[in-house]
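Colleague: Dropping the structure in here first, questions after.
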Amino acid sequence: MSILKKKIKFNENSIELLSKKFYSFDVETTGLNPVYNRIIEIGCIEFKDLQPIKRFDTLVNANQNVPHHVSMINNITNEMLLNAPNEDEVYYYFCSFIKDVLEGRALIVAHNASFDMNFLANALERLGFSGNLYYIDTLDLARTYLNLPNNKQTTVAEYFNIPIGNAHRAGDDALVCGKILTNILSLLKK
Numbered sequence: 033m034s035i036l037k038k039k040i041k042f043n044e045n046s047i048e049l050l051s052k053k054f055y056s057f058d059v060e061t062t063g064l065n066p067v068y069n070r071i072i073e074i075g076c077i078e079f080k081d082l083q084p085i086k087r088f089d090t091l092v093n094a095n096q097n098v099p100h101h102v103s104m105i106n107n108i109t110n111e112m113l114l115n116a117p118n119e120d121e122v123y124y125y126f127c128s129f130i131k132d133v134l135e136g137r138a139l140i141v142a143h144n145a146s147f148d149m150n151f152l153a154n155a156l157e158r159l160g161f162s163g164n165l166y167y168i169d170t171l172d173l174a175r176t177y178l179n180l181p182n183n184k185q186t187t188v189a190e191y192f193n194i195p196i197g198n199a200h201r202a203g204d205d206a207l208v209c210g211k212i213l214t215n216i217l218s219l220l221k222k
């Protein structure tokens, strides 16, 4: 089983696809290494016609300790994960949620996407799933189309007056990422 992970060029074809349907995505993890560390929270929002229509958001019990310095960033503790669903259950339902992405019919979007896609691809392969992760990075789009002091997701969200919610929590960060993309698409149409 394997996952094909590929960054897609932002052009007329991808813009047309994104305008119909896309999934915005974010993860929280136990560390920075996708081989040794694990995803402990997944957030994903399905957008149709540039509007959020469905949300997948869950903690993940990956049977791995959450270091204190990580908990200080994302506010996810080991205690919170004790009753969370395990990886097998989460990824079974998540793969059903992003079926159109895995089958190459939709794109997935993330901010600093290589981080999230490396973790997701590693987890899916490790658990025996296969499919495609064709993705767009809103960090790259912000660097290309906006002139901001930095391109952190919170900075870009503030620029577009997008409510941030709980920063560093996957569901809210995924929603913010999707709204950043819709705002950049609107900006380009003008």
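Each residue of the sequence shown is one higher than the one before, starting from 33 at the first, in the numbering used here. Don't be surprised by glycine CBs; every beta carbon is placed ideally from N, CA and C.
At the level of alpha carbons, what is the spacing between K222 and T62?
Modeller: Straight-line Cα distance between these residues: approximately 41 Å.
Colleague: By DSSP's criteria, S56 is part of a beta bridge. Which residues make up the other side?
Modeller: Per DSSP, I77 and V141.
Colleague: Does DSSP classify R175 as helix, strand or coil?
Modeller: Reduced to three states, the DSSP call for R175 is helix.
Colleague: Which two residues bound the contiguous alpha helix (DSSP H) that contains F129?
Modeller: Unbroken alpha helix (DSSP H) run through F129: E119 to F129.
Colleague: For the stretch 161 to 169 against the stretch 188 to 204, are there 3 or more C-beta pairs whose distance is under 8 Å?
Modeller: No, they do not touch.
Colleague: Taking contact to mean 3 or more Cβ pairs, one atom from each stretch, closer than 8 Å, check whether the stretch 44 to 60 and the stretch 74 to 91 are in contact.
Modeller: Short answer: they touch.
Colleague: Count the other CB atoms, across all protein chains shown, that sit within 10 Å of the CB of G160; report buried if there are 16 or more and exposed otherwise.
Modeller: Label assigned to G160: exposed.
Colleague: Mind checking P66: buried by the 16 CB within 10 Å criterion, or exposed?
Modeller: Buried.
Colleague: Secondary structure at G163, three-state DSSP: helix, strand or coil?
Modeller: Note: G163 maps to strand in three-state DSSP.
Colleague: In the structure shown, what three-state DSSP assignment does R158 receive?
Modeller: Looking at R158 - three-state DSSP - the assignment turns out to be helix.
Colleague: Provide the residue(s) that pair with K2 in DSSP beta bridges, ordered along the chain.
Modeller: As shown, the chain starts at 33 and ends at 222. That puts residue 2 outside it, with no answer to give.
Colleague: Using the DSSP secondary-structure output, state which residues sit across from K39 in a beta bridge.
Modeller: DSSP output for K39 lists Y167 as bridge partner(s).
Colleague: If you follow the alpha helix (DSSP H) that A94 is in, where does it begin and where does it stop?
Modeller: Counting along the chain, A94 falls outside any alpha helix (DSSP H), and DSSP gives it neither H nor E.
Colleague: Taking all protein chains shown into account, do 16 or more other C-beta atoms lie within 10 angstroms of the C-beta of I140, making it buried, or fewer, making it exposed?
Modeller: Burial call: buried.
Colleague: Can you find the residues in the same chain that come closer than 8 Å, C-beta to C-beta, to Q96, ignoring five residues on each side of it along the sequence?
Modeller: So the qualifying residues of the chain are T62, N69, R70 and I72.
Colleague: Within a Cβ cutoff of 7 Å, which residues of the same chain sit near A153, ignoring the five residues on either side of it in sequence?
Modeller: Cβ neighbours of A153 beyond the five flanking positions: I35, K37 and L165.
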